[in-house]
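Undergrad: Input: one structure, supplied below.
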Amino acid sequence: MTLRPRHRLLAAAKIAGVALTSAALTVTLAGPVAAHPRHHGDHADRPERIALPDGFQPEGIAVDQGSRAYLGSRTNGDILSVDLRTGKRHLVSRGLGVGNPSVGLKVDDGLIYVAGGGTGTGRVISARSGKILANHTFTAVSETSPSFVNDVVLTKHRAWFTDSAKPQLYSVTRSRNPKKARVATLPLTGEWVQAPAGTNSANGIAQSPDKRSLLVVDSATGTLFRVDPRTGVAKKVDLGGAQLTNGDGLLVRGRTLYAVQNRLNQVAVVHLDRSGSRGRLVDTLTSADLRAPATFDIPTTAAYYKGSLYLPNARFGVANAATTAEYWISRLRV
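Printed below as a string of structure tokens:
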């Protein structure tokens, strides 16, 4: 019998004696939505593929407490909102223009935290008004000292950002007044080895299941690290020899880690121990696990909503990327 991805994961967990829970974690830009209807529970009629504006160049995605997803544009930093139930979308915040991208992002308490890519910055935006409430400069940027602030995760008191070009993380205290937030730099030490210049290193970031550590994937090597947020000491996570090659966005639900492997067009599913120091690759989800008309073309990050992952496709290297190229979100049932 061939098991579907979710059943394979549950079966693997039962073998390990682990119980998994499945509890669920203004300018109109109307666009076409391709749907593959379902007729049971919350799955009914949700689209399998959601079209984004031509030239949008998505990278990060985050879901609020409801069905609304937020995506950032690498073209100009715009923030778009999409209803995952219908595919309807609208512009939440106009970006700062070309050269000021929105890369990874997270949303909570009405605030969107946005990684600023090569600007060496991180922004905090009101999800309601779209106003940029703070634009924090993390590091000086020059030709000889580049930066690429790539992704972000929210912990109870801080937002943590990765820098793919420098061996360090940045933290911003979470505050109702983001302009007064405290910014700090945490150098990565221990077993961390920075990739050569011009190669992305630290990329996706998430919390360990016990919330005590940060998990960071090194895109250059496919190695997953567990980082002490107090000291910056990084230790390799024992994955039993598995590598997260081309690792990009990370998402942890319970003890399950979903690691998006962008140029491989797949998502690695890893069962972690509570501390995040060990894990076991239990599944690899590919285009074959999508339902038509959804496809993968370099998915970068993932957000969860009611039994499915939603992944924007970055389509790195596509012709007319910032003008007429098509982009979309793919729904992956888990």
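Residues -24 to -1, 1 to 310 in mature numbering (1 follows the signal peptide of the UniProt record, and there is no 0) are what the sequence shown spells out, letter by letter.
All residues carry an ideal CB built from backbone N, CA and C; glycine is no exception.
(1) Quick one: give me the first and last residue of the beta strand (DSSP E) that Ile274 is part of.
(2) Look up Lys64 in the DSSP assignment and say whether it is helix, strand or coil.
(3) Any idea what DSSP makes of Ser140, helix, strand or coil?
(4) Would you mind working out which of Leu145, Arg256, Ser43, Ile37 sits nearest Ser49, comparing C-alpha positions?
(5) Between the stretch 140 to 147 and the stretch 161 to 171, can you find at least three pairs of beta-carbon atoms closer than 8 Å?
(6) Using three-state DSSP, classify Val310 as helix, strand or coil.
(7) Just grab the DSSP bridge partners of Gln170 for me.
(8) Going by C-alpha distance, which of Leu215, Gln237, Val192, Ser69 is nearest Leu287?
(9) Note the first and the last residue of the continuous beta strand (DSSP E) segment covering Thr199.
(10) The beta strand (DSSP E) that contains Gly180, what's its start and end?
(11) Leaving out the 5 sequence neighbours to the left and right, which residues in its chain are closer than 6 Å to Ala218 when beta-carbon positions are compared?
(12) I'd like the list of long-range same chain contacts for Val159, defined as Cβ closer than 6 Å, with 5 residues on each side in sequence excluded.
(13) Tell me the start and end of each unbroken beta strand (DSSP E) in the stretch 62 to 98 that is at least 3 residues and wholly inside, in chain order.
(14) Assuming Glu35 is part of the beta strand (DSSP E), what are its boundary residues?
(15) Any idea which residues DSSP pairs Gly48 with across the strands?
(16) With a Cβ-Cβ cutoff of 9 Å, do Pro275 and Glu24 count as a contact?
(17) What residue range does the beta strand (DSSP E) around Ser284 cover?
(18) List the endpoints of the continuous beta strand (DSSP E) containing Asp194.
(19) Please report the distance separating the alpha-carbon of Thr51 from that of Ala298.
(20) What number of angstroms, rounded off, separates the C-alpha of Gly73 from the C-alpha of Arg152?
(21) Pick from Trp136, Ser177, Ala295: whose alpha carbon is nearest that of Ser189?
(22) Are the beta-carbon atoms belonging to Ser123 and Gly94 less than 9 Å from one another?
(23) What number of angstroms, rounded off, separates the C-alpha of Arg254 from the C-alpha of His247?
(24) Is the beta carbon of Leu164 closer than 9 Å to that of Phe201?
(25) Which residue's Cα is closest to the Cα of Ala278: Gly223, Arg267, Asp249, Thr300?
(26) Does the separation of the CB atoms of Ala116 and Arg99 fall below 9 Å?
(27) Mapping DSSP to helix, strand and coil, what is Leu1?
(28) Quick one: Cα of Ala182 to Cα of Gly252, how far?
(29) Please report how far the alpha carbon of Arg239 lies from the alpha carbon of Asn289, in whole angstroms.
(30) As a quick exercise: from Leu47, Gly293, His66, pick the residue whose alpha carbon is nearest that of Arg91.
(31) Whole angstroms is fine: what's the gap from Lys82's alpha carbon to Tyr303's?
(32) Where do the N-terminal and C-terminal ends of the beta strand (DSSP E) with Asp127 fall, by residue?
TA: In short, the structure shows the following:
(1) Position 298 of the sequence shown, counted from the first residue, corresponds to residue 274. Premise fails: Ile274 is in no beta strand (DSSP E) and is neither H nor E.
(2) Locating residue 64 in the sequence shown gives position 88, where the first residue counts as 1. Lys64: coil per DSSP, three-state reduction.
(3) Locating residue 140 in the sequence shown gives position 164, counting from the first residue. The answer is coil: DSSP assigns Ser140 none of H, G, I, E or B.
(4) What you label residue 49 is simply residue 73 of the sequence shown in a count that begins at 1. It is Ile37 whose Cα lies nearest to the Cα of Ser49.
(5) When Cβ pairs closer than 8 Å are counted between the two stretches, the stretch 161 to 171 is seen to touch the stretch 140 to 147, the count reaching three or more.
(6) Here residue 310 corresponds to residue number 334 of the sequence shown, with the count starting at 1. Looking at Val310 - three-state DSSP - the assignment turns out to be coil, as it is neither helix nor strand.
(7) Counting from 1 along the sequence shown, the entry for residue 170 is found at position 194. Paired residue(s): none; Gln170 is not in a bridge.
(8) In the sequence shown, counting from the first residue as 1, residue 287 sits at position 311. Out of Leu215, Gln237, Val192, Ser69, Gln237 has the C-alpha closest to the C-alpha of Leu287.
(9) On the sequence shown, residue 199 is found 223 positions in, with the first residue counted as 1. Residues 199 to 203.
(10) The residue you call residue 180 lines up with position 204 of the sequence shown. Per DSSP, Gly180 belongs to the beta strand (DSSP E) from 178 to 183.
(11) Sequence index remark: in the sequence shown, residue 218 carries index 242 (1-based). Cβ within range, chain order: Leu257.
(12) Here residue 159 corresponds to residue number 183 of the sequence shown, with the count starting at 1. Cβ neighbours of Val159 beyond the five flanking positions: His112, Val148.
(13) With a minimum length of 3 residues, the continuous beta strand (DSSP E) runs that stay inside the stretch 62 to 98 are 65 to 69, 81 to 84, 87 to 91.
(14) Your numbering for residue 35 matches position 59 in the sequence shown. Secondary structure note for Glu35: its beta strand (DSSP E) is the uninterrupted segment 34 to 39.
(15) As a working note, residue 48 is residue 72 in the sequence shown. Note: Gly48 sits in a beta bridge opposite Ile55.
(16) Stepping through the sequence shown from its first residue, residue 275 is reached at position 299. Stepping through the sequence shown from its first residue, residue 24 is reached at position 48. No, these two residues do not count as a Cβ contact at 9 Å.
(17) For the purposes of this step, residue 284 is identified with residue 308 of the sequence shown, where counting begins at 1. Per DSSP, Ser284 belongs to the beta strand (DSSP E) from 284 to 288.
(18) As a first step, residue 194 must be located in the sequence shown, where it is residue number 218. Per DSSP, the continuous beta strand (DSSP E) segment holding Asp194 begins and ends at 190 to 194.
(19) Translated into the one-based positions of the sequence shown, residue 51 becomes position 75. Translated into the one-based positions of the sequence shown, residue 298 becomes position 322. The straight-line gap from Cα to Cα measures roughly 6 Å.
(20) Within the sequence shown, residue 73 is the residue found at index 97, counting from 1. Within the sequence shown, residue 152 is the residue found at index 176, counting from 1. Using only the alpha carbons, I get a separation of about 26 Å.
(21) For this step, residue 189 is matched to residue 213 along the sequence shown. Nearest option by C-alpha distance: Trp136.
(22) For the purposes of this step, residue 123 is identified with residue 147 of the sequence shown, where counting begins at 1. For the purposes of this step, residue 94 is identified with residue 118 of the sequence shown, where counting begins at 1. Yes, they are a contact pair.
(23) Against the sequence shown, residue 254 aligns to sequence position 278. Against the sequence shown, residue 247 aligns to sequence position 271. Between Arg254 and His247, the C-alpha separation is close to 9 Å.
(24) The residue given as residue 201 occupies position 225 in the sequence shown. The residue given as residue 164 occupies position 188 in the sequence shown. If you check the CB distance, Phe201 and Leu164 come in under 9 Å.
(25) Locating residue 278 in the sequence shown gives position 302, counting from the first residue. The residue with the shortest Cα to Cα distance from Ala278 is Gly223.
(26) For the purposes of this step, residue 116 is identified with residue 140 of the sequence shown, where counting begins at 1. For the purposes of this step, residue 99 is identified with residue 123 of the sequence shown, where counting begins at 1. The answer is no: Cβ separation not under 9 Å.
(27) Position 25 of the sequence shown, counted from the start, is the residue given in the question as residue 1. Bear in mind that a pLDDT of 32 at Leu1, under 50, signals an unreliable position, so the model cannot answer this.
(28) Position 206 of the sequence shown, counting from 1, holds the residue named residue 182. Position 276 of the sequence shown, counting from 1, holds the residue named residue 252. Straight-line Cα distance between these residues: approximately 10 Å.
(29) For the purposes of this step, residue 239 is identified with residue 263 of the sequence shown, where counting begins at 1. For the purposes of this step, residue 289 is identified with residue 313 of the sequence shown, where counting begins at 1. Cα-Cα distance, rounded: 10 Å.
(30) In the sequence shown, the residue the question calls residue 91 occupies position 115. At residue 91 the sequence reads Ala, which differs from the Arg that was named. Ranking the options by Cα distance to Ala91, first place goes to Leu47.
(31) Position 106 of the sequence shown holds residue 82. Position 327 of the sequence shown holds residue 303. If you draw a straight line from the Cα of Lys82 to the Cα of Tyr303, it comes to about 20 Å.
(32) In the sequence shown, counting from the first residue as 1, residue 127 sits at position 151. It spans 125 to 130 - the beta strand (DSSP E) in which Asp127 sits, taken as one unbroken run.
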